[in-house]
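From first to last, the protein sequence lines are chains A and B. 1092 is the number that the working numbering gives to position 133 of the first sequence; each next residue is one higher, with no gaps. 23 is the number that the working numbering gives to position 4 of the second sequence; each next residue is one higher, with no gaps. Backbone N, C-alpha and C define an ideal beta-carbon position, used for all residues, glycine too. Values in this document were obtained by computation on a predicted structure and should not be read as measured data. These notes are about the structure you will find just below.
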Amino acid sequence: MDLTLDNLTPLARAGIPEHSARLSPDKLLWEELIPGGVHWSGLLRRGNTLRITDLHGGANVSMLLYNQEEKTERYNMPDTLKAQHTAFLTRGNVCYSDMGRVLCSIPEDSCGWHDTVCGALDAAGLARKYGAHRFQEHRNGMYRNAVDGLLVEIGKWGLGKRDMVANLNLFSKVVADAEGRLHFETSHRAPDQYIDLRFEMNVLVAFSTAPHPLDPAPAYNPKAIKLTAWRSGTAGADDVCRLSCPENRRGFLNTERYFL
Amino acid sequence: MSPQLLESTLDPARAVLDDVLPAGEPWMKEVKRGQILRMVDLEGNQAVDTIFYNAVDPDERYSLTHTIQAQGALYLGVGSVLMSSEGRPMLTIVADTCGRHDTLGGACASESNTVRYALEKRFMHSCRDNYLLAIVHNEHHLNKRDVVANVNFFMNVPVTPEGGLTFEDGISAPGKYVEMRAEMDLIVLISNCPQLNNPCNAYNPTPVRCLVWDPV
């Protein structure tokens, strides 16, 4: 018999709330403005949600996720896509680790498409596309690439090249035609679009706000984002991400057992 | 546009290595720069889950995202260059009678089987078990951190323009093969996929054959 919410032990069931909380002033933990082109990392605790807002329309956030307690457990793109039969992420989806657990879920998303397959802009790609723009001449207006930004951030937590895996690119949309050829789209972009990442585990989050690797815009012009963290609680019994497919029901049960 | 098919002129009798990989088993061998590696789908619709490492510095490994970026497309076929995590060519596909190979499907695992199918599927054999077993018995000192997303030769995972992704019945068939030239000295890590829960192996995992030729 498959395990469901209805046949959990009373103690296990008690750990699952009826609903998670939406953003409201009394739940707010912190906010931070992040310029375009920079890199950031931090720990997001289980039960907190991070709203990421594309302030001006056109931001890209190249992101990696690790279980803070055992960092060899990490966001796994193929497992995430094939469990949910999708090539992109939006409301109702979750980000799976390689261990069959939900690192974070997406209960709200006003953007509609977040790229999972194109990877991050590296130094060679940046130089080829935008040319050199070094610190010596431009100080903190220098051009920065996402791969090196991610390596710096995960390096602060003892991780390195071997821990670099396929990343998310929030707010970027890339569609495939029938032959698999990729096309970068911009028509969905708008100021103040946001995505909520509700953390179902204690997660080390690292990201860069450098441009998407397939963005055809000729000028280097990465856009700023805003981070808003609040105490939401974990996914409820009635949650859109939990109920969106049978795979996710099982994925949440795997995750909840990890914290019993 | 249909996929380009191109046959090889190489003679199996002249191969320097000719191994048959039983269904569900790992295989880990070195292939030198310039050598040609052929994988043959002996009975058809068999996923060959493969990761490549630079034999000199295995921190450099196959990268699906660099490969997709470089060709601006998802599927692999004749002319595709498999790129490393350092953005360098690792292999070039020089012949192919199948037409399409997958970059997105990854490898099956006990844990992902619990999510995708049922919690009790944890105990079925999987590709990631094969990978971990092969690398722990190998001299290259790889570990779980090195198990990154792989290529799935002969596997068909179409992505629709709307972003849907499904595992379809294979477009491969008995005797179809893919052949590639190594652009650097490589470690080749294969799991001949044991997945029984979806059509990636036509619900019946079967043997494949790997041949290697020296440069001509």
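Check, Outcome
"Under 7 Å from the C-beta of Phe1047(A): neighbouring residues of chain B", "Gly182"
"Neighbour-count burial assignment, Arg1093(A), 16 or more Cβ in a 10 Å radius", "exposed"
"Contact under 9 Å by Cβ, Ser1203(A) with Asn1052(A)", "yes"
"Distance, Cys117(B) Cα to Thr1168(A) Cα", "39 Å"
"For Pro234(B), the nearest candidate out of Leu29(B), Ala128(B), Leu24(B), Gln23(B) (CA to CA)", "Leu29(B)"
"Terminal residues of the beta strand (DSSP E) in which Ile87(B) lies", "No beta strand (DSSP E) holds Ile87(B); the alpha helix (DSSP H) holding it covers 83–90."
"Pro224(B) and Leu215(B) closer than 9 Å at C-beta", "yes"
"Interfacial residues, the segment 117–147 of chain B to chain A, with Cβ spacing under 7 Å", "Leu123, Gly124, Gly125, Ala128, Glu130, Ser131, Thr133, Val134, Arg135, Ala137, Leu138"
"Any chain A beta carbon closer than 9 Å to Ser210(B)", "no"
"Of the residues Pro180(B), Gly96(B), Phe71(B), the one placed nearest His159(B), counting alpha carbons only", "Phe71(B)"
"Segment contact flag, the segment 1070–1077 of chain A with the segment 161–168 of chain B, C-beta cutoff 8 Å, min 3 pairs", "no"
"Of the residues Val1020(A), Trp1189(A), His1015(A), Lys1041(A), the one placed nearest Val997(A), counting alpha carbons only", "Val1020(A)"
"For Met102(B), the residue or residues it bridges with in DSSP", "Pro108(B)"
"Own chain residues within Cβ distance below 8 Å of Pro218(B), not counting five before or after", "Asn64, Phe186, Glu187, Asp188, Gly189"
"Assigned secondary structure, Glu977(A) (DSSP; H/G/I helix, E/B strand, else coil)", "coil"
"Interface residues of chain A facing Asp165(B) [CB-CB closer than 8 Å]", "Arg1121"
"Closer than 9 Å at the beta carbon, the chain B residues around Lys1088(A)", "Those within 9 Å of Lys1088(A) in chain B number zero; the least Cβ separation is about 11 Å."
"Reduced DSSP category for Pro45(B) - H, G, I as helix; E, B as strand; rest coil", "strand"
"Close Cβ partners of Asp68(B) (< 6 Å) along its chain, the five nearest in sequence each way excluded", "Ala126, Cys146, Asn169, Asn171, Ser210, Cys212"
"Thr1045(A) classed as buried or exposed, judged by whether at least 16 other C-beta atoms fall within 10 angstroms", "buried"
"Proximal residues to Lys140(B) (C-beta, below 7 Å), its chain only, five neighbours per side dropped", "Asn132, Thr133, Asn216"
"Own chain, CB closer than 7 Å to Pro31(B), minus 5 neighbours either side, in chain order", "Asp37, Leu230"
"Contact under 9 Å by Cβ, Leu992(A) with Ile1184(A)", "yes"
"Range of the contiguous beta strand (DSSP E) that encloses Thr133(B)", "Segment 129–135 is the alpha helix (DSSP H) holding Thr133(B); no beta strand (DSSP E) there."
"Collapsed DSSP secondary structure at Met20(B) in the structure displayed", "Residue confidence for Met20(B) is low, a pLDDT of 43 falling below 50, so the modelled location carries little weight; the figure read from the coordinates is stated next. Met20(B) falls in the coil class under three-state DSSP."
"Simplified DSSP assignment, three categories, for His1015(A)", "coil"
"Beta carbon of Tyr1179(A) nearer than 9 Å to that of Tyr1089(A)", "yes"
"Close Cβ partners of Asp1174(A) (< 8 Å) along its chain, the five nearest in sequence each way excluded", "Asn1019, Ser1131, Phe1143"
"Leu1141(A) vs Leu93(B) beta-carbon contact at 9 Å", "yes"
"Whether Leu205(B) touches Met109(B) by CB criterion (9 Å)", "yes"
"Straight-line Cα distance separating Leu138(B) from Phe1218(A)", "17 Å"
"Interface residues of the segment 1067–1092 of chain A facing chain B [CB-CB below 8 Å]", "Trp1072, Val1076, Cys1077, Gly1078, Ala1079, Asp1081, Ala1083, Gly1084"
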